[in-house]
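Undergrad: Whatever position you read off the sequence shown (first residue = 1), add 1 for the working numbering.
Ideal Cβ placement from N, Cα and C applies to all residues, glycine included.
Here it is, the structure, as structure tokens.
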Amino acid sequence: MKYIDTSVFVSALVPEETSGRALLWLAVLNDDEIVSSPWVDVELSGALSRKLRMGRITSIERLNALEEYREAWLPVATIISLDLRHFALATEICDAHQAGIRPGDAIHLAIASMTEATLCTFDKRFAAGAEALGYDVELIS
2 MKYIDTSVFV SALVPEETSG RALLWLAVLN DDEIVSSPWV DVELSGALSR KLRMGRITSI
62 ERLNALEEYR EAWLPVATII SLDLRHFALA TEICDAHQAG IRPGDAIHLA IASMTEATLC
122 TFDKRFAAGA EALGYDVELI S
């Protein structure tokens, strides 16, 4: 299984330097491989709102991206509900300060780890930190 972090969905849904790679990478996945969580929803909404505030996308593009995510990706993904165990593991990940993993990314990593899924990301720093801690990571390139 593959836990897809927010960086991949953002790249697939709005124009970015990595959009082509994101779309190609996602196109070859089987639906039963995709794992996601409500945390992706929160971060995706936040990332798209930030792009709107910065003038990188329009309000229509933001709404279209959210609609595509909800209609095309959520129905085929296995959605993992969060509970206190995810936050406890995310705290342990953050406690490993040498890895430099940010709190939001620690939540993604905890979810992926507890579902025995490979964490898939474009974020090189996140991938390096997660690998240094021994987690299963795929850096999409």
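Can you tell me where the beta strand (DSSP E) holding Ser1 begins and where it ends?
TA: Lying before the first or after the last residue shown, residue 1 is absent from the chain, which here runs from 2 to 142.
Undergrad: From Lys3, Pro16, Ala107, pick the residue whose C-alpha is nearest to that of Val29; which is it?
TA: That would be Lys3, whose Cα lies nearest to the Cα of Val29.
Undergrad: For the segment 93-107 against the segment 69-83, are there 3 or more C-beta pairs whose distance is under 8 Å?
TA: Verdict: no, contact absent.
Undergrad: For the ligand ZN, is there a heavy atom less than 7 Å away from the beta-carbon of Glu139?
TA: Absent from the structure shown: the ligand ZN. Ligands present: none.
Undergrad: Using the Cα positions of Leu134 and Leu110, report the straight-line distance between them to the nearest angstrom.
TA: Cα to Cα, Leu134 sits roughly 11 Å from Leu110.
Undergrad: Ignore the nearest five residues each way along the sequence and tell me which others in Ala107's own chain have a CB closer than 7 Å to its CB.
TA: Once the five neighbours on either side are set aside, the close Cβ partners of Ala107 are Ala91, Ile94, Cys95.
Undergrad: What residue ranges within the segment 16-92 form continuous beta strand (DSSP E) runs of no fewer than 3 residues, ordered along the chain?
TA: 35-37, all fully within the segment 16-92.
Undergrad: From the DSSP output, which residues share a beta bridge with Lys3?
TA: Ile35, Thr119.
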